[in-house]
Structures are given as C-alpha cells and as structure tokens.
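*Asks:*
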Amino acid sequence: MQSASDRHEYPAHWEADVVLRDGGTARIRPITVDDADRLVSFYEQVSDESKYYRFFAPYPRLSAKDVHRFTHHDFVDRVGLAATVGGEFIATVRYDRIGADGMPATAPADEAEVAFLVQDAHQGRGVASALLEHIGAVARERGIRRFAAEVLPANVKMIKVFTDAGYTQKRSFEDGVVRLEFDLEPTDRSLAVQYAREQRAESRSVQRLLTPGSVAVVGVGRAPGGVGRSVLGNIRDYGFTGRLYAVNKAFPEDQKELDGIPAHRSVRDIDGPVDLAVVAVPAEHVPEVVAECGAHGVQGLVVLSAGYAESGPEGRERQRELVRHARAYGMRIIGPNAFGIINTSAAVRLNASLAPETPRPGRIGLFAQSGAIGIALLSRLHRRGGGVTGVTGVSTFVASGNRADVSGNDVLQYWYDDPDTDVVLMYLESIGNPRKFTRLARRTAAAKPLVVVQGSGTAPQGHAVRATRLPHATVSALLRQAGVIRVDTITELVDTGLLLARQPLPTGPKVAILGNSESLGLLTYDACVAEGLTPSPPLDLTTAAAPEDFHAALARALADDSCDAVIVTAIPGVGEGSAGDAALAEALRSAAEQVPGKPVLVVHVELGGLAEALSAATSTAPQATAGPPKIRADHPFRALDRLRAAPGPAETSAPGNGDRLIPAYPAAERAVRALADVVQYGQWRRESAEPGKVPEYENIDEKGAATLIDGLLTRGQGLTIGTEDTCRLLAEYGIQVHRALPAATSDAAVEAAATLGYPVALKATAPHLRHRADLGGVRLDLADEEQLRRAYAELTELFGTPDELRPVVQGMAPRGVDTVIRAVIDPAAGAVLSFGLAGAASQLLDDTAHRLIPVTDREAASLVRSIRTAPLLFGWRGSTPVDTPALEELLLRVSRLVDDHPEVVAVTLEPVVVAPRGLSVLGASVRLAPPPARDDLGPRTLPAY
C-alpha cells in the first residue's frame with residue numbers, strides 16, 4: 024500500500040500503536056502519496072475554527088497543490104505523521120526543516136517548523152501530545168535538534184500541548200502570533216511528563232476493561248455448559264451492576280432472552296453502547312466478532328478463545344492479525360487464550376472469568392498469565408487456607424493468557440494509583456519488556472508492595488518476548504533491586520501477600536519468638552537465622568500457658584524497643600476445642616491492638632487435622648477430589664481467622680485502612696520466609712526514600728568522547744575498538760588504563776620494559792590465556808632483563824609462538840584484590856552494570872552483582888557489597904582493607920560513559936586491581952555500535968505486531 028519516498032524508503036519503523044489519554048488506542052504512521060483521499064476526508068471533518076487556528080485564515084478546503092504538498096515527503100527534511108483509527112485520519116503533524124533565515128533548508132540545518140491539526144471529535148484525547156513525542160523522535164533521528172511553532176494566542180489547547188511537553192523552551196510574541204522554540208533533547212522534566220502521560224493512558228485503558236458499564240458475552244451456547252454460557256452465568260450470579268447481553272449468531276431471530284438476560288444475534292443488534300465484549304467463539308470466527316465490536320464502538324475485548332500463538336506458527340500469525348484488527352478500532356485486548364477478569368468492587372461486581380470459586384472482596388490485586396495458576400491462586404485466597412489463614416480477598420484479578428496486547432505492565436500501571444488495591448501479587452511466566460517492567464515496578468513498590476513469582480526464563484508458547492542475553496538469575500536480581508519481592512512458588516506468593524495485606528512493615532530484622540512449645544520455638548529460631556533475621560532466644564510459655572499468658576507475653580514483646588516483629592508459636596492443648604482457640608485468638612488480638620505498629624505472625628500446629636487426614640487415607644494411591652478441601656466450622660483455623668487488631672497510625676499502619684488480620688501459618692519455615700521477604704522490602708522502602716544521586720565529575724569530557732565515538736563508527740557498523748582507542752575513550756571519562764606495550768620478540772619485551780621501568784609483568788593476551796594466571800600465562804614481578812628474557816622463553820616454550828600468545832609487557836601495579844567491571848546493553852533489560860572479583864572461583868560460583876544504568880552513588884556502594892566474596896575487600900581475616908571509595912567512583916564513571924553514549928554497547932575492565940590506596944585498570948575493551956533508532960527515551964508505543 025505504501026509508496027517509496029522521494030529520497031528515502033518508507034520508514035516502517037516509525038509506525039506505532041499508542042494508548043491515548045482516555046484509554047483508547049490509535050495508530051501513528053508516516054503520511055504517503057497514497058493518503059490523498061484520506062487527507063481530504065479528514066480535513067472535511069475538521070471545524071472551521073480548527074482550520075483557522077491551523078492556517079491563520081479561513082481555509083474551507085484543501086487545494087490540489089495543498090494535498091500534493093501534505094502527502095509528498097522525503098522523510099528527511101519534510102515529514103508528516105498521521106494518527107489513525109479504523110484506517111482513517113483523526114490527526115496529523117508535519118515538520119519542515121528550515122535554515123537560520125526561516126526558509127526551507129537541508130542538513131546540516133537542525134531546526135524545523137512543526138504544525139498540528141486534530142479532528143474536533145478527538146480533541147482532548149491526548150492525540151497531539153502523542154504525535155509530538157513521535158515527530159520529535161523522528162526529527163532527532165534525522166538530525167533536527169530544535170522545533171519552532173507559530174500559534175495564534177486564542178489557540179490555547181495547542182499552546183498547552185507545547186508548554187506541557189517539558190522541553191526547554193523560548194517564547195516570543197510578534198505580529199499577533201505566539202512563537203515557541205524548544206530543544207528536542209529529552210530533559211528530566213520531559214521524561215517525567217512522558218512517563219506520567221504513559222501511566223495515565225495505560226491505567227485508563229485497563230480501567231475501561233475492569234469497570235465496564237455494559238458487557239456482551241459473544242459465543243453463548245444455547246444449551247447449558249460451554250465456555251460462553253459459563254462466563255455469562257458467572258457474570259450474572261456475581262451480581263454485575265451494569266447491563267449484560269448474551270450474543271450468538273445461532274440464536275433464533277425471535278429469541279429475546281436467555282436465562283433472563285437479553286439475547287441478540289450480533290453485537291450490532293444491541294440497542295445502546297457496549298463497553299466490554301467477552302469473546303468465546305472458535306478462533307476462525309473471532310475476526311468477524313472483532314469487526315462487529317469495532318463498528319459498534321466497543322471499548323475492549325476479553326478473548327477467551329484458544330488456537331492462537333500457543334498452537335504454533337499459524338496461530339501466531341492469527342494472533343498478530345487479531346491485535347492489528349482490534350487496535351485499528353481503538354480497542355485493547357486481554358488474551359487471547361485468556362482465563363478472564365474479576366472486579367470485586369461493590370460498584371462493579373464483575374466476574375467475567377471461568378473461576379470455579381468467586382474470590383472475596385479485598386485489597387489484593389492479582390495477575391496471572393496462566394489460567395491454571397490463576398485458579399490455584401484464587402482458590403487459596405478464597406479458602407483462606409492452604410496453610411495460611413486470615414480473611415483477605417481480591418480487589419481485581421486479571422489472567423491474560425497469551426497477553427498479546429494487555430500485559431502485566433499495563434495492569435501494574437492501573438494498580439499503581441488504584442485506591443482499592445494495597446498489595447500486588449503477580450505470577451509471570453515471562454516478562455516481555457524487562458526494562459519497562461523494572462521501571463514501573465520501582466515506582467509501584469515505593470507506594471505499595473509488589474510480590475512476583477517469575478517463571479524459569481523460558482517463555483511459554485504464545486508469549487512474544489524480547490530476546491535477552493542476561494541469565495535468568497540476573498533478571499531476577501534486577502527485579503529485587505527495583506523493590507520487587509521475588510519469591511519462588513505460588514505458596515510463598517500467597518504467604519507473603521497475606522502478611523503484607525494486613526500487617527504493618529517491620530522497621531528492622533529483630534524478631535521476638537514466644538509460644539507454648541519449646542521445640543517449635545527453636546525451629547522458628549533456626550529458620551530466622553537461616554533467613555538472615557536476628558531472633559531473640561525463644562520464650563517458652565510451656566504447654567500449660569493460658570490465653571492470658573499469651574496476651575501478657577505478646578504485649579511485653581511488642582512494647583520492647585529491641586523487637587521489630589513477633590512470631591507466636593502455638594500448639595493445641597489436650598482436650599481443647601474451638602472454645603480454647605477462640606480465647607487464644609482474642610488474647611492475641613487484644614495484645615496486638617495495644618502496639619499496632621509491629622507485625623505479628625502465628626505458627627499454629629493443629630494435630631487433630633493431621634490425624635483426621637491420616638485416618639481418612641485408606642489407600643496409598645492419590646484420591647480424586649471434587650474440589651478444594653473443606654475446613655470444618657470448628658477447625659482452629661476458623662478461630663484464628665478472627666485474629667484482628669485495630670489499625671495503627673497512618674505512618675506505621677498496614678497499607679490500606681481496613682482491619683489488621685494476624686496471619687497464621689502451618690509451618691515455621693513458611694512464616695519466617697514471608698517475614699524475611701517483608702523485612703527486606705521494608706529496608707528497600709526506607710533506602711528508596713533517599714535514592715542517591717549520579718555524581719558529576721569535572722574531568723569528564725562528554726563532547727570529546729562523542730566526537731571520538733563518531734569518528735570510530737565511520738570504520739564499521741559494530742566493532743571492538745583497538746587498545747589505543749579504548750584508552751583514549753576511557754580517558755575522556757577520567758578512567759586511566761595501565762599502559763601495556765606489545766612484545767612480539769624477547770628484544771621487544773626488553774625494550775618495552777626499559778620504557779616502562781622495572782619491575783614489569785609479562786602477559787599472554789591470546790583469548791584462551793587472557794586473564795588466566797592460573798594457567799601460567801602471566802609472569803609477575805620481573806625485576807630485570809635476565810628475568811624477563813627467561814620468562815619470555817618459558818611462555819613461548821609452554822604455550823606456542825609469540826604470534827599465538829600475543830605477549831605484552833606492563834608495569835607492575837600495587838598489590839591488591841583483582842576485580843572485574845562490565846557494562847552491557849541488553850536488548851530487553853537495557854544497560855546493566857556488573858561487578859565481581861576476578862578469578863575462576865567467582866566465575867564458578869556466579870558471584871556477580873548487577874545494577875541498572877544509570878547507577879547512583881548509593882547503588883554503587885551497594886553493588887560493591889552485594890557479592891558473597893565482598894569481605895575480601897574489607898579486611899577479611901586480618902588482611903588490609905582496599906580502597907572501596909575509588910572502586911565505587913570507577914563504577915560510577917563507567918555507568919556515566921554507557922548512559923551518556925548509547926553507542927557504547929559493551930565495556931569490560933579486567934582486571935581492576937584495588938589496592939589499599941587507589942586502583943589500577945590493567946585491561947580494558949570497548950565495543951561500539953550505532954545507537955538504536957529508538958531507545959528508552961523514545962516516544963510511547965505499544966508492543967509492535
């Protein structure tokens with residue numbers, strides 16, 4: 024359809040789907056010669072006032088010359104973009120490069136005039152703001168650094184678009200026209216504006232799906248059973264507060280109702296708006312349903328139908344077409360192959376899912392990509408069991424299936440400012456965009472806890488995932504640094520989530536343990552030590568302890584300033600029943616009420632339940648079950664469900680304003696593990712309040728480095744630069760590399776040593792020997808010519824010719840600890856800085872720590888201390904501590920280099936010898952590549968299909 028331009032091929036990478044302010048979607052793409060009719064039709068639907076604002080005069084229609092001008096672009100000096108919905112234009116923007124005299128120009132002129140026109144029906148949706156982001160990215164790509172715009176003073180909306188963008192601006196008024204000039208270089212404010220708009224738009228798009236005023240279930244069977252009929256029944260039975268419709272093209276024409284619900288043969292037959300359509304028809308019929316929904320103005324789809332990317336290449340292409348088709352109408356999709364969505368709000372009451380149990384209302388947001396895992400999570404929360412007690416429930420639930428469109432990132436944007444959600448639990452089989460997820464997670468975790476079970480790293484069939492070169496463990500570590508509470512199982516997900524939902528955050532790791540079982544107390548103590556907590560010796564109240572004894576002991580522990588949290592261990596007394604449990608529950612509740620700012624957990628062993636289960640087992644074979652196990656009304660867990668405490672002060676209370684519940688666990692290890700996760704999260708929250716800063720260094724020459732990089736890239740598209748150029752580039756950032764001279768012969772080695780001065784080191788730099796002192800490829804402390812020649816002869820005799828060894832001579836550096844610093848640009852996670860000690864032991868143990876770039880001073884300090892072998896840097900076993908401040912500064916300089924220059928795609932400093940005073944970089948390599956057309960500073964876009 025698209026035609027080539029005058030001077031450049033059609034820039035397909037400029038095409039993008041975007042979410043607008045109201046949650047709808049639009050497609051942005053370059054305007055071509057094929058768009059003449061669309062442009063004319065679009066212009067005819069623009070009001071006379073908007074035309075006047077655009078052309079500063081009455082301009083009722085476009086002339087043939089205008090149409091030609093606005094559709095013929097060279098995609099360099101003249102560019103036009105259009106926002107489209109349903110294939111038709113709703114807004115346009117264009118720039119024309121100009122010179123200093125304001126006349127049309129070509130490169131190297133770096134200024135352009137920009138102008139917008141938005142259809143009146145779509146004004147106020149954020150279309151112009153999205154177009155400005157995209158035209159700005161295009162302009163930067165084409166070497167334009169500044170935009171100029173002339174706007175009539177009465178055109179307040181357009182002036183606001185420019186002034187709110189966050190760019191550095193200059194404003195003037197002349198001849199009745201406001202002239203705005205602004206640099207296109209992203210600023211902290213422009214990025215903040217962009218991220219805020221992204222959050223509002225994506226949050227609104229999910230809100231439209233979760234809070235519909237009307238729902239149509241498409242594919243409802245005429246007979247009971249089936250997916251569509253089941254979902255329809257779930258929506259009806261849960262008490263959906265909006266309008267509900269049943270749709271099936273096989274309904275007889277005279278059928279008006281199904282189970283008391285209005286029935287229609289097509290969505291188009293429904294009289295009135297439909298906000299959400301739940302699609303449960305075979306995959307081959309979905310395109311027809313999408314077209315009907317789009318034509319009727321449906322805002323979003325939940326596609327339960329299978330047969331898409333999870334089924335193979337043909338299904339993957341069907342999934343791509345589904346997303347393209349839906350977005351063309353401005354609709355967003357949950358699915359396909361989805362399990363459904365739930366909103367327990369009393370104002371909505373929507374259960375558009377296949378969940379066999381309806382969750383209780385609560386303040387936990389729950390996201391799962393897998394329907395099976397979603398069922399398991401909902402079931403555990405519904406039962407308040409699986410070993411964990413406490414009355415808590417779900418605010419909203421999303422099971423996204425193949426997550427072809429709406430993903431965990433989108434739902435996280437919604438939960439960030441959702442007043443009904445205090446804790447977020449997510450089961451992620453894959454992370455499609457780790458860089459964005461980490462950014463969103465860091466912001467969300469600063470406001471409310473985020474607990475994640477992450478899959479093994481292998482994406483399931485149907486998931487579109489960016490390729491990453493980072494190990495799974497590295498991605499997990501980066502998530503933890505963003506404040507994510509990373510757990511391994513769904514059991515831990517529920518354990519930790521329930522603790523966070525109803526207890527305050529601990530202020531430290533000190534734990535008091537008390538109970539009526541010495542053995543259980545010691546088990547809890549050992550578990551605390553194993554999890555890195557600081558437990559006090561358990562207080563044994565003995566098996567004769569009465570509820571009053573528990574109350575007094577808990578009250579004393581909570582009042583003790585040396586205690587940050589309390590774990591109560593309890594076993595039932597012989598002959599005690601539900602009355603005794605209720606008394607214990609009330610005793611603990613009333614004690615916790617006195618000091619509401621500290622978390623309380625209960626480890627409650629119930630022997631009767633175990634005996635009952637054992638006595639019921641008549642066979643060693645697994646027994647079939649019709650549903651989740653039932654909990655007796657007089658079961659002790661029921662009494663513990665009633666453990667309540669009054670909410671504490673705002674600064675110390677649990678997230679949310681509901682009653683505090685004391686969670687009980689069937690095993691000490693589960694309670695302690697959940698508490699340890701929460702303690703670490705609390706520490707992260709306190710530290711994130713003062714995140715540190717990226718220091719400025721006077722001896723960094725950013726422009727000099729950019730000039731050097733540009734010159735080096737003229738030699739190739741991607742290259743590892745030579746040693747001399749590497750040293751020059753690093754020197755621009757104040758990083759000095761210890762000089763090394765090649766030694767092709769023994770005479771050359773002697774000459775190099777004379778230049779550098781003795782003592783020297785002789786090293787083989789061949790790939791299989793580089794940095795491998797353990798293999799004998801390095802000779803140190805050579806004090807004179809005789810020792811140097813002998814070492815040279817030994818190396819060549821043992822390992823091969825000088826051509827094979829590539830020997831170099833280097834002056835000896837002060838003794839210290841050998842370390843390694845690396846930075847890489849990962850296509851999925853972004854720029855990552857890594858640190859570890861040099862040597863085979865660290866490599867075997869994978870003892871490397873990672874941080875996302877840019878790194879702050881606090882993060883550099885924590886990076887150095889994060890590796891298991893860090894004690895070697897701080898005077899382990901009486902050794903002299905090394906200069907860690909110098910090491911942290913080096914890490915910050917490498918971070919700045921990579922952050923300032925996206926062309927630097929890999930840096931390795933190995934080894935870096937950190938001495939008691941100062942450090943020495945003995946080896947370095949840098950890889951350059953042209954920067955991507957769009958990086959994380961680029962405009963907002965949805966994942967491409």
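For the sequence shown, the working numbering gives the first residue as 24, with consecutive numbering after it.
We put the beta carbon where it would ideally sit given N, CA and C, even for glycine.
Note that the structure is predicted; figures quoted are calculated from it, not measured.
Would you say E926 touches the ligand SAM, meaning its beta carbon is less than 6 Å from a heavy atom?
*Replies:* By its list of ligands, the structure shown contains no ligand whatsoever, and the ligand SAM lies outside what it can speak to.
*Asks:* Report yes if the C-beta distance between D428 and R355 is below 7 Å; otherwise report no.
*Replies:* A contact, by the Cβ cut-off of 7 Å.
*Asks:* So for P825, helix, strand or coil by DSSP?
*Replies:* The answer is helix: DSSP assigns P825 an H, G or I state.
*Asks:* May I have a chain-ordered list of the beta strand (DSSP E) segments no shorter than 3 residues that lie completely inside the region 838-877?
*Replies:* Whole beta strand (DSSP E) segments, 3+ residues: 840-849, 853-860 and 871-875.
*Asks:* Would you mind working out which of R84, G109 and R120 sits nearest R101, comparing C-alpha positions?
*Replies:* R101 has its Cα closest to that of R120, out of R84, G109 and R120.
*Asks:* What three-state label does DSSP hand T444 in the structure shown?
*Replies:* In the structure shown, T444 sits in coil (DSSP, three-state: anything other than H, G, I, E or B).
*Asks:* Whose C-alpha, out of V302, G295, F263 and S918, is nearest the C-alpha of F362?
*Replies:* Selected option, being the one with the closest Cα: V302.
*Asks:* How big is the Cα-Cα spacing for S638 and H627?
*Replies:* Because the pLDDT at S638 is just 32, under 50, the model does not fix this residue reliably, and the point stays unresolved.
*Asks:* For the beta strand (DSSP E) containing K716, list its first residue and its last residue.
*Replies:* Where K716 is concerned, there is no enclosing beta strand (DSSP E), given that its DSSP letter is neither H nor E.
*Asks:* Pop quiz: R509 and P714 are said to be a contact at Cβ under 8 Å. What is the actual Cβ separation, rounded to whole angstroms?
*Replies:* So it is not a contact: roughly 20 Å between Cβ atoms.
*Asks:* Expressed to the nearest angstrom, what Euclidean distance is found between the alpha-carbon atoms of G946 and L735?
*Replies:* The straight-line gap from Cα to Cα measures roughly 20 Å.
*Asks:* Contact defined as beta carbons within less than 8 Å: I believe V243 pairs with V270. What is the distance between those atoms, to the nearest angstrom?
*Replies:* Right, the Cβ-Cβ distance comes to about 6 Å (below 8 Å), so this counts as a contact.
*Asks:* Less than 6 Å between C-beta atoms, sequence neighbours within five positions excluded: which residues of the same chain meet that for L856?
*Replies:* So the list reads A846, R874, I876, V878 and S918, once near-sequence residues are dropped.
*Asks:* In angstroms with no decimal places, state the Cα-to-Cα distance between Y756 and T514.
*Replies:* Roughly 48 Å separates the two Cα atoms.
*Asks:* Any contact of the region 286-305 with the region 317-336, i.e. 3+ C-beta pairs under 8 Å?
*Replies:* Contact holds: three or more Cβ-Cβ distances are below 8 Å.
*Asks:* Using DSSP with H/G/I as helix, E/B as strand and the rest coil, what is L735?
*Replies:* If DSSP states are grouped into helix, strand and coil, L735 belongs with the helices.
*Asks:* For V552, count neighbouring C-beta atoms within 10 Å of its own C-beta (all shown protein chains included) and say buried if the count is 16 or more, exposed if not.
*Replies:* So V552 counts as exposed.
*Asks:* Here's a check: name, in chain order, each residue in its chain whose Cβ is nearer than 7 Å to the Cβ of T381, leaving out the five neighbours to either side.
*Replies:* Contacts found: Y261 and N374.
*Asks:* Enumerated in chain order, which unbroken segments of the beta strand (DSSP E) with a length of 3 residues or greater are wholly contained in the region 750-833?
*Replies:* Segments of the beta strand (DSSP E) lying fully in the region 750-833: 763-765, 783-787 and 801-805.
*Asks:* Note down the Cα distance separating D804 from V921, rounded to an integer number of angstroms.
*Replies:* Cα to Cα, the separation comes out at about 34 Å.
*Asks:* Would you mind sorting S585 into buried or exposed? The rule is 16 or more other CB atoms within 10 Å of its CB.
*Replies:* S585 is exposed by the Cβ-count criterion.
*Asks:* Taking only the alpha-carbon atoms, compute the straight-line gap between P954 and E926 and give it to the nearest angstrom.
*Replies:* Taking the straight line joining both Cα atoms gives about 5 Å.
*Asks:* Throw me the rounded Cβ distance for the V517 and L404 pair, which I believe falls under 8 Å.
*Replies:* Between L404 and V517 the Cβ distance is about 7 Å, and since that is below 8 Å, they are a contact.
*Asks:* Give me the Cβ distance between W438 and T415, rounded to the nearest whole Å; I'm assuming they're in contact under 8 Å.
*Replies:* That pair is no contact at about 16 Å.
*Asks:* So, with DSSP's three-state summary, where would you put A677?
*Replies:* The pLDDT assigned to A677 is 36, lower than 50, so where the model puts this residue is not dependable; a value taken from the coordinates is nonetheless given after this. Correct three-state label for A677: coil.
*Asks:* Tell me whether P494 sits in a helix, a strand or coil according to DSSP, three-state version.
*Replies:* P494 falls in the coil class under three-state DSSP.
*Asks:* Is DSSP giving I398 helix, strand or coil here?
*Replies:* Correct three-state label for I398: helix.
*Asks:* Less than 7 Å separating the beta-carbons of G839 and V937?
*Replies:* Yes. Within cutoff.
*Asks:* How long is the line joining the alpha carbons of D60 and H91, rounded to whole angstroms?
*Replies:* If I take the Cα positions, the gap works out to 11 Å.
*Asks:* Just to confirm, are Y118 and A162 a CB contact at a threshold of 7 Å?
*Replies:* Yes; because the gap between Cβ atoms is below 7 Å, this pair is in contact.
*Asks:* Could you tell me if E554 is buried or exposed, where buried requires 16 or more neighbouring beta carbons within 10 angstroms of its beta carbon?
*Replies:* Burial call: buried.
*Asks:* For chain B, is any of its Cβ atoms less than 7 Å away from the one on E156?
*Replies:* The question asks about chain B, but that chain is absent: this structure has only one protein chain.
*Asks:* Could you tell me if N722 is buried or exposed, where buried requires 16 or more neighbouring beta carbons within 10 angstroms of its beta carbon?
*Replies:* Answer is exposed; the Cβ neighbour count stays below 16.
*Asks:* Would you mind working out which of S943, I258 and A883 sits nearest H761, comparing C-alpha positions?
*Replies:* Residue S943 is the option with its Cα nearest to H761.
*Asks:* Could you tell me which residues DSSP puts in a beta bridge with Y450?
*Replies:* DSSP lists A391 and V476 as partners of Y450.
*Asks:* With 16 other CB atoms within 10 Å as the buried threshold, where does L448 fall?
*Replies:* When all chains shown are included, L448 counts as buried.
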